[in-house]
Amino acid sequence: MRPFLTLTLFLATLAFFLVLYPLVAIFLDLTGEKIWLTLKDVEVWQSLRVSFAAATCAALLGAVLGVPVSYLLARGHLPRREIFESLLNIPIVIPHVAVGILLLNVLNHNAFLGRLFAPLGIHFVDTFWGLVAAMCFVSFSYVVSAALMGFSAVSEDLELAARTLGASPWYVFRKVTGPLIFPYLMRGFILAVARGVSEMGAILILAYYPKTASILLYERFENYGLSQVEAITALIVCVSLFLFAILTYFTRRAGEHA
Amino acid sequence: MLEARLKDRVGTLELEVSLKLPARSYTVMLGPSGAGKSHTLKLLAGLRRPRLAEIKLEGREISHLPPEQRSIVYLPQKNTLFPHLDVKGNVLFPFRARRLETPQDFVEEVAETLHISHLWERGVKHLSGGEAQRVALARAICARPKVLLLDEPLSSLDFHLKCELVEFLKLLPSRFGLSVLHVTHDPWEASFLAENLLLLEEGKIIFEGPFAAFLKDAPGVLGRRFRSFFRRFFAQEEAFR
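Note that the protein sequences, when read in sequence, are chains A and B.
Heads up, the final residue of the first sequence is numbered 274 in the numbering used here, and it's a clean run with no missing numbers.
Heads up, the final residue of the second sequence is numbered 314 in the numbering used here, and it's a clean run with no missing numbers.
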């Protein structure tokens, strides 16, 4: 028993070390001057704003589209449900540069979808909407998976009982299913935002501008080297962790009340 | 009075059921697991779409109506209460769902009858099994149904709580003017509650009638098995006298 426990503890410690050490190490080499210069860098703050705004829009869009899909999968008694689930997970397995090329192929000015959205003033190449489209594509599966987990955790019997108590399907969704799956949805939403913020490959191809934090980091690293991006990286890590800590806190609270 | 003729297929089971529930009566549908009891309840409540359904409630055809318009309330076997609402939120749910004003006197009468007044503000996670079932019954009654469908309502309770809840269940038809269809595989429940009994075997009703008639004339292997149980059960009851 003892060797087993020791090995388990060692591997668990190693896992924590591998995750936390790079995060801590980036702060060790920082100087006050570097931090001050980064905090004054307007482009850095601008890129962070763009990243989180686009990732939030993408996650919201993912939720609007993903929740009905998950509901159908969970409650629709579809034959071969696992095939549909696999289809929705495709964005996770495609290399992200390839995702960018796939999206550029259908969203450029001459493509069908590009032309469809153009009259609405929505263009995708090197625009904010391009960022949203790319981030939505790569993060959509996270929202769907989380919502599906939520629907599976809520017994269908509760919904059926509510219907016979006089509630319409929409009322049941608003007052019974919705509140119960909300913590799951929020978890999916947070993961989707995180995934969107960290996306670079697809963005690099479809919408290099406006620059996201990942693109800015990459660009500065290419031009100036490692020593010049440490402070920006540390700032991005701090902002990301802070925002996700807040979101996670509120999700937990919502979960406790649900 | 509810009259229904239902046909459906559940997996490999061919369900073909005709039944009548007299007004203000307590009917128990007895049958082994997998006989189609729960599915029959869901078809009656409009929660599943059958191959064929003719359902008349007080002479009016209701099989085309959605569940919320049928005046039939279904109480599932598990997960009966909404876990994110307190007792009050659960009991008042039918009024809120229909945007009706809450009739305070009626709600108080229901709460008193089922002994849940003292639980009013409590979260449902803090209720015992018996309390949860009483709250679920109160909520069902507040929907003012003509028919109440109970799917094994006593199955998750221990003996003591079963005995307690049986007394509440007995009251329902006369006190609130509704017909109850109670599904179970437990002959003990049937012996305490059934005015009428339906015996379901492999998707078919093989006996329908008063409980007393069932004791004399229960058909088939399943009927004989249940009859033998009741004979021993009542014989032992005699021994206590």
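Every residue gets a Cβ at the ideal spot worked out from N, C-alpha and C, and that includes glycine.
Quick caveat: nothing in here was measured; it's all calculated off a predicted structure.
CB contact below 9 Å: Ser-161(A) versus chain B: As a first step, residue 161(A) is located in the first sequence; it is residue number 145 there, counting from the start. Ser-161(A) has a beta carbon lying at 9 Å or more from every beta carbon in chain B.
Return the Cβ separation of Ala-208(A) and Val-148(A) in integer angstroms, given the expectation that the two are a contact with Cβ distance under 8 Å. Position 192 of the first sequence, counted from the start, is the residue given in the question as residue 208(A). Position 132 of the first sequence, counted from the start, is the residue given in the question as residue 148(A). No, Ala-208(A) and Val-148(A) are not in contact; Cβ-Cβ is about 12 Å, not under 8 Å.
So for Glu-268(B), helix, strand or coil by DSSP? Sequence index remark: in the second sequence, residue 268(B) carries index 195 (1-based). Glu-268(B): coil per DSSP, three-state reduction.
Would you identify the three-state DSSP class for Glu-215(A), choosing helix, strand or coil? Position 199 of the first sequence, counted from the start, is the residue given in the question as residue 215(A). In the three-state DSSP reduction, Glu-215(A) falls in the coil class, being neither helix nor strand.
For Pro-111(A), count neighbouring Cβ atoms within 10 angstroms of its own Cβ and tell me buried if that reaches 16, exposed if not. Taking the first residue of the first sequence as 1, we reach residue 111(A) at position 95. Pro-111(A) should be labelled exposed.
Taking DSSP as the reference, what is the three-state secondary structure of Ser-229(B)? To locate residue 229(B), count along the second sequence from 1; it is residue 156. DSSP, reduced to helix, strand and coil, places Ser-229(B) outside both helices and strands of the structure shown, so it counts as coil.
Along chain A, in chain order, which residues have C-beta atoms closer than 9 Å to that of Leu-148(B)? As a working note, residue 148(B) is residue 75 in the second sequence. Contact annotation for Leu-148(B) against chain A: Ala-177 and Thr-180 [CB-CB distance below 9 Å, chain order].
Given 8 Å, three or more beta-carbon pairs between the segment 122 to 129 of chain B and the segment 167 to 186 of chain A: Touching, no, given that fewer than three Cβ pairs across the two stretches are closer than 8 Å.
Give me the chain B residues within the contact set of Ala-183(A), using Cβ-Cβ distance strictly less than 7 Å, ordered along the chain. The count along the first sequence starts at 1 and reaches residue 183(A) at position 167. Under the 7 Å cutoff, chain B gives Glu-141 and Ala-170.
Using alpha carbons as the reference points, say which of Arg-97(B), Leu-88(B) and Lys-80(B) lies closest to Asn-269(B). As a first step, residue 269(B) must be located in the second sequence, where it is residue number 196. Out of Arg-97(B), Leu-88(B) and Lys-80(B), Arg-97(B) has the C-alpha closest to the C-alpha of Asn-269(B).
Tell me the start and end of each unbroken beta strand (DSSP E) in the segment 76 to 115 of chain B that is at least 3 residues and wholly inside, in chain order. Counting only runs that start and end inside the segment 76 to 115 of chain B, the beta strand (DSSP E) elements of at least 3 residues fall at 86 to 94 and 99 to 103.
Taking Met-74(B) as the reference, give the member of Val-253(B), Lys-235(B), Val-146(B) and Asp-259(B) with the closest Cα. Locating residue 74(B) in the second sequence gives position 1, counting from the first residue. Of the listed residues, the one whose Cα sits closest to Met-74(B) is Val-253(B).
What number of angstroms, rounded off, separates the C-alpha of Asp-57(A) from the C-alpha of Ile-206(A)? In the first sequence, residue 57(A) corresponds to position 41, counting from 1. In the first sequence, residue 206(A) corresponds to position 190, counting from 1. Rounded to whole angstroms, Asp-57(A) to Ile-206(A) spans 27 Å at the Cα level.
Determine, using beta carbons only, whether Lys-191(A) comes closer than 9 Å to chain B. Position 175 of the first sequence holds residue 191(A). Output row for Lys-191(A): interface = yes.
In chain B, what lies closer than 9 Å to Ser-171(A) by C-beta? On the first sequence, residue 171(A) is found 155 positions in, with the first residue counted as 1. Ordered by position in chain B, the residues that pass the 9 Å Cβ test against Ser-171(A) are Pro-149, Lys-151 and Asn-152.
Between His-137(B) and chain A, is any beta-carbon pair separated by less than 9 Å? Stepping through the second sequence from its first residue, residue 137(B) is reached at position 64. No, no contact with chain A.
Assigned exposure category for Thr-153(B) - 16 Cβ within 10 Å defines buried: To locate residue 153(B), count along the second sequence from 1; it is residue 80. With 16 or more other Cβ atoms within 10 Å, it is buried.
As assigned by DSSP and simplified to three states, the class of Ala-126(B): Within the second sequence, the letter at position 53 stands for residue 126(B). When DSSP states are grouped into helix, strand and coil, Ala-126(B) belongs to the strand group.
Assign Pro-105(B) to one of two classes, buried (16 or more other C-beta atoms within 10 Å of its C-beta) or exposed (fewer than that). Here residue 105(B) is taken as the residue at index 32 of the second sequence, counted from 1. Exposed, since its Cβ has fewer than 16 Cβ neighbours within 10 Å.
Report the start-end ranges of each alpha helix (DSSP H) in the segment 77 to 105 of chain A that is 4 residues or longer and not cut off at the edges. 97 to 104, all fully within the segment 77 to 105 of chain A.
Output needed in chain order: residues of the segment 245 to 259 of chain B with a Cβ under 7 Å from some Cβ in chain A. Under the 7 Å Cβ criterion, the segment 245 to 259 of chain B contributes no residue.
Curious, which full-length alpha helix (DSSP H) runs of at least 4 residues does the segment 147 to 187 of chain A contain? List check, alpha helix (DSSP H) in window: 172 to 180.
Over the uninterrupted beta strand (DSSP E) stretch that includes Gly-282(B), give me the two end residues. Stepping through the second sequence from its first residue, residue 282(B) is reached at position 209. It spans 277 to 283 - the beta strand (DSSP E) in which Gly-282(B) sits, taken as one unbroken run.
Find the nearest neighbour of Ser-190(B) within the set Val-164(B), Arg-169(B), Lys-198(B) and Gly-202(B), judged by alpha-carbon distance. In the second sequence, residue 190(B) corresponds to position 117, counting from 1. By alpha-carbon distance to Ser-190(B), the top candidate from Val-164(B), Arg-169(B), Lys-198(B) and Gly-202(B) is Val-164(B).
Could you tell me which residues DSSP puts in a beta bridge with Ser-252(B)? Counted from its first residue, the second sequence places residue 252(B) at position 179. When beta bridges are read from the DSSP output, Ser-252(B) appears opposite Val-220(B).
Please confirm if Tyr-187(A) has its CB atom under 9 Å from at least one CB of chain B. What you label residue 187(A) is simply residue 171 of the first sequence in a count that begins at 1. At least one chain B Cβ lies under 9 Å of Tyr-187(A).
State buried or exposed for Arg-211(A), treating a residue as buried only when at least 16 other CB atoms are found within 10 Å of its CB. Here residue 211(A) refers to the residue found at position 195 when the first sequence is read from its first residue. Per the 10 Å Cβ criterion, buried.
Under the DSSP definition of a beta bridge, which residues are partnered with Glu-274(B)? Sequence index remark: in the second sequence, residue 274(B) carries index 201 (1-based). For Glu-274(B), DSSP records a beta bridge to Lys-277(B).
The segment 24 to 31 of chain A in contact with the segment 173 to 193 of chain A per 3-pair CB rule at 8 Å: No contact exists between the segment 24 to 31 of chain A and the segment 173 to 193 of chain A.
What are the boundary residues of the alpha helix (DSSP H) that includes Ile-42(A)? Here residue 42(A) corresponds to residue number 26 of the first sequence, with the count starting at 1. Secondary structure note for Ile-42(A): its alpha helix (DSSP H) is the uninterrupted segment 18 to 44.
If you draw a straight line from the alpha carbon of Cys-73(A) to that of Ser-161(A), how long is it in whole angstroms? Counting from one through the first sequence, the residue named residue 73(A) turns up at place 57. Counting from one through the first sequence, the residue named residue 161(A) turns up at place 145. When only Cα atoms are considered, Cys-73(A) and Ser-161(A) end up about 18 Å apart.
Please report the straight-line C-alpha distance between Glu-246(A) and Leu-201(A), rounded to a whole angstrom. Indexing the first sequence from 1 puts residue 246(A) at position 230. Indexing the first sequence from 1 puts residue 201(A) at position 185. So the two alpha carbons sit approximately 34 Å from each other.
Would you report the Cα separation of Ser-256(A) and Trp-61(A), rounded to the nearest angstrom? Here residue 256(A) refers to the residue found at position 240 when the first sequence is read from its first residue. Here residue 61(A) refers to the residue found at position 45 when the first sequence is read from its first residue. So the two alpha carbons sit approximately 12 Å from each other.
Indicate the three-state DSSP secondary structure (helix, strand or coil) for Ile-135(B) in the structure shown. As a working note, residue 135(B) is residue 62 in the second sequence. The answer is coil: DSSP assigns Ile-135(B) none of H, G, I, E or B.
Please report the distance separating the alpha-carbon of His-258(B) from that of Leu-230(B). Here residue 258(B) is taken as the residue at index 185 of the second sequence, counted from 1. Here residue 230(B) is taken as the residue at index 157 of the second sequence, counted from 1. Going by the C-alpha atoms only, they are around 14 Å apart.
How many Å lie between Ser-144(B) and Leu-263(A) at the Cα? Mapped onto the second sequence, residue 144(B) falls at position 71. Mapped onto the first sequence, residue 263(A) falls at position 247. Straight-line spacing of the CA atoms in Ser-144(B) and Leu-263(A) works out to 43 Å.
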